[in-house]
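K.L.:
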Amino acid sequence: MVVGEVAMNTSGLVDQVIPVLMDKLGPFITIFKAVGIVLLVYIIYLLYRGVTRIQDRRRLKRIEKKVLDIDRKLNKLLKKKNK
Numbered sequence: 002m003v004v005g006e007v008a009m010n011t012s013g014l015v016d017q018v019i020p021v022l023m024d025k026l027g028p029f030i031t032i033f034k035a036v037g038i039v040l041l042v043y044i045i046y047l048l049y050r051g052v053t054r055i056q057d058r059r060r061l062k063r064i065e066k067k068v069l070d071i072d073r074k075l076n077k078l079l080k081k082k083n084k
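Number 14 in my numbering belongs to position 13 of the sequence shown; there are no gaps in the numbering.
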């Protein structure tokens with residue numbers, strides 16, 4: 002029955018230690034929760050910014066194609082005018 006007594010003593014010890022640790026670690030847990038929330042918000046912001054940058058790049062590519070097309074047409078007009 003020594004094993005049973007040791008098991009009961011250790012479980013009683015654990016029952017006493019856990020509340021003490023929780024009291025001491027309570028502020029750290031709160032800080033970690035706050036940091037986790039801030040990190041989650043930052044990750045969401047990065048995802049949003051990534052999506053908007055992809056859209057901006059697509060828009061800029063379309064604008065660049067249009068500008069190059071206009072430039073090519075102007076060059077044709079200038080060549081015709083010089084002849």
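Ideal placement from N, C-alpha and C gives every residue a C-beta, glycine not left out.
Just so you know, these numbers come straight off a predicted model, no measurement behind them.
#1: For K34 and Y43, I'd like the C-alpha separation in whole angstroms.
#2: Out of curiosity, what's the CA-to-CA distance linking I19 and T31?
#3: So within the region 13-57, which uninterrupted beta strand (DSSP E) runs reach at least 3 residues, ignoring any that extend past its ends?
P.N.:
Let me spell this out:
#1: Here residue 34 refers to the residue found at position 33 of the sequence shown. Here residue 43 refers to the residue found at position 42 of the sequence shown. The alpha-carbon separation between K34 and Y43 amounts to approximately 14 Å.
#2: For the purposes of this step, residue 19 is taken as the residue at position 18 of the sequence shown. For the purposes of this step, residue 31 is taken as the residue at position 30 of the sequence shown. Looking at the two C-alpha atoms, the distance is approximately 17 Å.
#3: none
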